[in-house]
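Trainee: Let me begin by handing over the structure; questions about it come next.
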Amino acid sequence: MSSVQPIPRNGLIWLLVAQVLVILPHLAHLPLWIIGLWLGCASWRVQIFRMRARYPRGWVNAVMMIGAAFGVYFSRGGLVGLDAGVVLLIAAFILKLVEMRSRRDALVLVFLGFFAVVTSYLFNDGLLSGLYSLAPIVALLAAMIGLQQSPAGTHPWPTLRLAGALLLQAIPLMLVLFVLFPRLGPLWSLPQPKDRGVTGLADSMSPGDMAELSRSNALAFRASFEGPIPERDRLYWRAVTFERFDGRRWSQSFSSQLPRAPEWSPQGAPVAYSIVMQPSGRPWLYALDVAQVDAGDVRLMSDFHLARPRPVDKPLLYQATSWPEALREPGAGPTILGRALELPSTGNLRSRAWAADLRRRHQTPKATVQALLSHFNQQPYRYTLRPSPVGEDIVDGFLFDTLDGFCIHYAGAMTFVLRAAGIPARVVAGYQGGETNPSGNYLSVRQLDAHAWVEYWEAGNGWVSVDPTFQVAPERIERGLEEALGAEQDLIEGAIMDLRRYRDIGWLNDLRFGWDSLNYGWQRWVLNYHGERQLEVLRELFGKVDARKLGLLMVATGALLVVLLALLLLKPWRREQDMQLRQFQRFEHLLARHGMGRRAGEGARDFAQRAAEQLPDVAAQIHTFAELYEQARYAGQPTDLAEMKAALGRLRRQLPWRARVSKLRADMNSENP
């Protein structure tokens, strides 16, 4: 005889609902055939439950699994890798639906569902995704509960309420473990999903790349300052330095990527801040010049940009202190300066001739730089995302023909001319400015804030930063890109639902700032609560911490939560009322043994009155107990439970004696008629 337990209807309903909720956030990176696979398997499963279809045979299961593997291979280009692995997991999660025959198989499906929920965080770990993940978790819990019910249990809503209650009961313990449990480093690392695209600065860039990047509204990072936020014209966030120019593109040099600490000395007041950086797929970090970061794997590279050994593939929180007025390499050697003078051997002849003329007319690098800045300011140059096309010599075409361009046009052209004039210079790419969020007093810096400026070297002063874009479009630095573009503002990409498009509407703008502040808190306190950040918070809460202290805290806090939860569920303050009812039930059973059964619907007073009339010898004890019970149960008067027990005991001691006497009298009467 088969011992397979059938799958209850309630459990099957919640399994189907859970599958929909689990798969839904994956749809953006799943092939379309997955949707058809689920519709087919779900329909088949329902027909099996209705006894209108049979379970698939073994060879059918094998064909479906092989077909799913081929589907993954052709849609993802292979079976190895994170993207392919997630699709395979979802396919197995779906195929298991028609293959399961018992509750044990259904539990395997539930556990697969929990694992699939976790994989969704690899593609989107934002606050909204975290809140949504509670829905499939509750549905999976409801499915587990439904699987333990009888086949006749066909009411899904009570099951859902119980699942929600269990989740709520688990949240306090989850919070304790989240705060106190030590963060262990991963045993392995996962590659970034291909579908989780990142946008940002690259290690090489042409004018068109920078203009295209500035049409993106994607978030680059958020920055919180310990003091007041500096003025916008001081917010130049360095990302990468470009020293090589091949005539079309600017790119990093190999030497600039070496972790060699450059020579510099702090000057002026430092600026302390923290940054939550979005995934960029690049190893460099964003910071104001010159920055020191309190992180073991972050290094200040030879060109003053910050980098770490591995790319930033998830939100990263770090603390930094910068000295914007620092003196940088005042005694730079010939190797460093030589790299900052390199130019292609041919091309841009007019720019080279102009540079030679500037060099003859101006005696110092500072005077030459000032002449260039004045030229950009006085000539009819235009700041635009839609520059006119230039010829093969892009510097000549921009400087002397089109006179319109974006920040990389101005920075690249100025660097070229300075090098041609014998002045070491390089292009710095990063971000400028940012939007202040009044809800959290922090800056949100987006890809549209991408910017490029120039560093030139002067003996005794070292590297000095200048921004030629400011001479053409000062509003770009003072108020941001959108103010500078004016009529071209519609070129900035963004969905219709992007609230930035409606920032002129006060309440919508407040809503946007509030939601952004919540997301910032989520990234800062949840996603980045690990390593040094966790230790820092624990030290603030508990002072010096070690493994022993953390263990004791977890055990003590966990035990306290269990006790509180037990009190909440068992409600011992109601135990006294339950004991009152129990004493009345004993009273009722005692009288029933003596022929006084309680009638249906009969109240305690009426029952006691009738019992006292039938048992007059113990009427006083009966009335005493009934009065005590009524006072405690209905009148709300404080009654000692021991007094009720004593009254019941007195009644019990009277009743057995009377019963024996009555029995003796009956026996005597029967012997002597």
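Under the working numbering, the first residue of the sequence shown is numbered 808, with each subsequent residue one higher.
From the three backbone atoms N, C-alpha and C, an ideal C-beta is built for every residue, glycine too.
1. Would you grab the beta carbon distance between S1129 and L1095 for me? Rounded to a whole angstrom, and I think it's under 8 Å.
2. Rounding to the nearest angstrom, what Cα-Cα distance links T1490 and A1218 in this structure?
3. Taking the alpha carbon of N1155 as the point to measure from, which residue in M1221, F900 and Q1074 has its own alpha carbon closest?
4. Spell out whether any CB of chain C is found under 7 Å from the CB atom of L1148.
5. Helix or strand or just coil, what does DSSP make of D785?
6. I need the DSSP call for M871, collapsed to helix, strand or coil.
7. On the CB-based measure, 16 or more other CB atoms within 10 Å of its CB, does Y1441 come out buried or exposed?
8. I841 by DSSP, collapsed to three states: which one?
9. Helix or strand or just coil, what does DSSP make of A898?
10. Determine which residues share a DSSP beta bridge with W1260 and list them.
11. What is the rounded straight-line gap between the Cα of S882 and the Cα of G1088?
12. Count the CB pairs spanning the segment 1220-1237 and the segment 1259-1271 that are closer than 8 Å, and state whether there are at least three.
13. Tell me whether K1226 is buried or exposed, calling it buried when 16 or more other Cβ atoms sit within 10 Å of its Cβ.
14. Any idea what DSSP makes of R1405, helix, strand or coil?
15. Should P1090 be labelled buried (16 or more other beta-carbon atoms within 10 Å of its own) or exposed?
16. Sort out for me which residues DSSP pairs Q1126 with in a bridge.
17. Taking 7 Å as the cut-off, decide whether the C-beta atoms of V915 and C848 are in contact.
18. Checking 7 Å against the spacing of the C-beta atoms, do L828 and A946 come in under that value?
19. In this structure, how does DSSP classify L967 when only helix, strand and coil are distinguished?
20. Determine the extent of the beta strand (DSSP E) in which G1269 is found, giving its start and end residues.
21. For E1450 and A1407, I'd like the C-alpha separation in whole angstroms.
22. In this structure, what does DSSP give as the bridge partners for T1048?
23. Could you tell me whether the segment 853-861 touches the segment 963-975, where touching means 3 or more Cβ pairs closer than 8 Å?
24. Figure out for me which residue from W851, L984, A1363 and F1207 has the closest Cα to the Cα of L819.
25. Select from I1143, L1462, L1397 and V917 the residue whose C-alpha is nearest the C-alpha of L896.
26. Opposite E1450 in the DSSP bridges: which residues?
27. Please classify V1369 as buried or exposed, where buried requires at least 16 other C-beta atoms within 10 Å of its C-beta.
28. Identify which residue in I1284, R968 and L1318 has its Cα closest to the Cα of L1042.
29. Could you give the residue range of the beta strand (DSSP E) that holds Q1099?
30. If I follow the unbroken beta strand (DSSP E) through V1252, where does it start and stop?
31. Take S1023 as the anchor and find which of V1100, D1413 and Q1254 has the nearest alpha-carbon.
32. From the DSSP output, read off the bridge partner residues of S1072.
33. Should Q1421 be labelled buried (16 or more other beta-carbon atoms within 10 Å of its own) or exposed?
34. Counting along the chain, where does the beta strand (DSSP E) carrying A1174 start and finish?
35. Considering only residues of the same chain and omitting the five flanking positions on each side of A1079, which have a CB-CB separation below 6 Å?
36. Let me know the secondary structure DSSP gives T1243 once reduced to three states.
Mentor: Straight from the coordinates:
1. Locating residue 1129 in the sequence shown gives position 322, counting from the first residue. Locating residue 1095 in the sequence shown gives position 288, counting from the first residue. Rounded, the Cβ-Cβ distance is 4 Å, consistent with contact.
2. With the chain covering only 808 through 1480, there is no way to say anything about residue 1490.
3. Counting from one through the sequence shown, the residue named residue 1155 turns up at place 348. When only C-alpha atoms are compared, the closest one is M1221.
4. Absent from the structure is chain C; it holds one protein chain and no more.
5. Given a span of 808 to 1480 for the chain in the structure shown, any question on residue 785 remains unanswerable.
6. Counting from 1 along the sequence shown, the entry for residue 871 is found at position 64. M871: helix per DSSP, three-state reduction.
7. In the sequence shown, counting from the first residue as 1, residue 1441 sits at position 634. Y1441 comes out exposed.
8. Taking the sequence shown and counting its residues from 1, the one referred to as residue 841 is at position 34. I841 sits in a helix when the DSSP states are folded into three classes.
9. Stepping through the sequence shown from its first residue, residue 898 is reached at position 91. Secondary structure of A898 (DSSP, three-state): helix.
10. Numbered from 1 along the sequence shown, position 453 holds the residue referred to as residue 1260. Per DSSP, V1235.
11. Taking the sequence shown and counting its residues from 1, the one referred to as residue 882 is at position 75. Taking the sequence shown and counting its residues from 1, the one referred to as residue 1088 is at position 281. Rounded to whole angstroms, S882 to G1088 spans 24 Å at the Cα level.
12. Because the criterion of three Cβ pairs below 8 Å is met, the segment 1220-1237 and the segment 1259-1271 touch.
13. Numbered from 1 along the sequence shown, position 419 holds the residue referred to as residue 1226. Residue identity differs from the one stated: residue 1226 is Arg in this sequence, not Lys. The Cβ neighbour count for R1226, taken over all protein chains shown within 10 Å, is at least 16; the residue is labelled buried.
14. Taking the sequence shown and counting its residues from 1, the one referred to as residue 1405 is at position 598. Coil at R1405, not helix or strand.
15. As a working note, residue 1090 is residue 283 in the sequence shown. When all chains shown are included, P1090 counts as buried.
16. Residue mapping note: residue 1126 aligns to position 319 of the sequence shown, counting from 1. Secondary-structure assignment with DSSP links Q1126 through a beta bridge to S1081.
17. As a first step, residue 915 is located in the sequence shown; it is residue number 108 there, counting from the start. As a first step, residue 848 is located in the sequence shown; it is residue number 41 there, counting from the start. Cβ distance not < 7 Å, so V915 and C848 don't count as in contact.
18. Taking the sequence shown and counting its residues from 1, the one referred to as residue 828 is at position 21. Taking the sequence shown and counting its residues from 1, the one referred to as residue 946 is at position 139. Contact flag set, yes.
19. Within the sequence shown, numbered from 1, the residue matching residue 967 stands at position 160. Under the three-state reduction of DSSP output, L967 falls in the helix class.
20. As a first step, residue 1269 is located in the sequence shown; it is residue number 462 there, counting from the start. Membership of G1269 in the beta strand (DSSP E) is indicated by the continuous run G1269 to V1273.
21. Within the sequence shown, the letter at position 643 stands for residue 1450. Within the sequence shown, the letter at position 600 stands for residue 1407. Those two C-alpha atoms are separated by around 28 Å.
22. Indexing the sequence shown from 1 puts residue 1048 at position 241. Bridge partners of T1048: V1235.
23. Touching, no, given that fewer than three Cβ pairs across the two stretches are closer than 8 Å.
24. Residue mapping note: residue 819 aligns to position 12 of the sequence shown, counting from 1. Minimum Cα distance to L819 is reached at W851.
25. Taking the sequence shown and counting its residues from 1, the one referred to as residue 896 is at position 89. When each option's Cα is compared against that of L896, the closest is V917.
26. Sequence index remark: in the sequence shown, residue 1450 carries index 643 (1-based). E1450 has no beta-bridge partner at all, per DSSP.
27. In the sequence shown, the residue the question calls residue 1369 occupies position 562. Exposure of V1369 is indicated by the presence of fewer than 16 other C-beta atoms within 10 angstroms of its C-beta.
28. What you label residue 1042 is simply residue 235 of the sequence shown in a count that begins at 1. Put simply, of I1284, R968 and L1318 the residue whose alpha carbon is nearest the alpha carbon of L1042 is I1284.
29. The residue you call residue 1099 lines up with position 292 of the sequence shown. In the DSSP assignment, Q1099 falls within the unbroken beta strand (DSSP E) covering A1098 to V1100.
30. The sequence position of residue 1252 within the sequence shown is 445, counting from 1. Taken as a continuous stretch (DSSP letters only), the beta strand (DSSP E) holding V1252 covers Y1249 to R1253.
31. Mapped onto the sequence shown, residue 1023 falls at position 216. Distances from the CA of S1023 to each of V1100, D1413 and Q1254 were compared; the closest alpha carbon is that of Q1254.
32. As a working mapping, residue 1072 is identified with position 265 in the sequence shown. In DSSP, S1072 forms a bridge with L1134.
33. Within the sequence shown, the letter at position 614 stands for residue 1421. It is exposed - the Cβ of Q1421 has fewer than 16 other Cβ atoms within 10 Å.
34. In the sequence shown, residue 1174 corresponds to position 367, counting from 1. From DSSP, A1174 is part of no beta strand (DSSP E) but of the alpha helix (DSSP H) over P1172 to Q1185.
35. Mapped onto the sequence shown, residue 1079 falls at position 272. Taking A1079 as the centre and dropping the five residues before and after it, the same chain places the C-beta of E1033 and T1128 closer than 6 Å to its C-beta, in chain order.
36. Taking the sequence shown and counting its residues from 1, the one referred to as residue 1243 is at position 436. T1243 sits in a strand when the DSSP states are folded into three classes.
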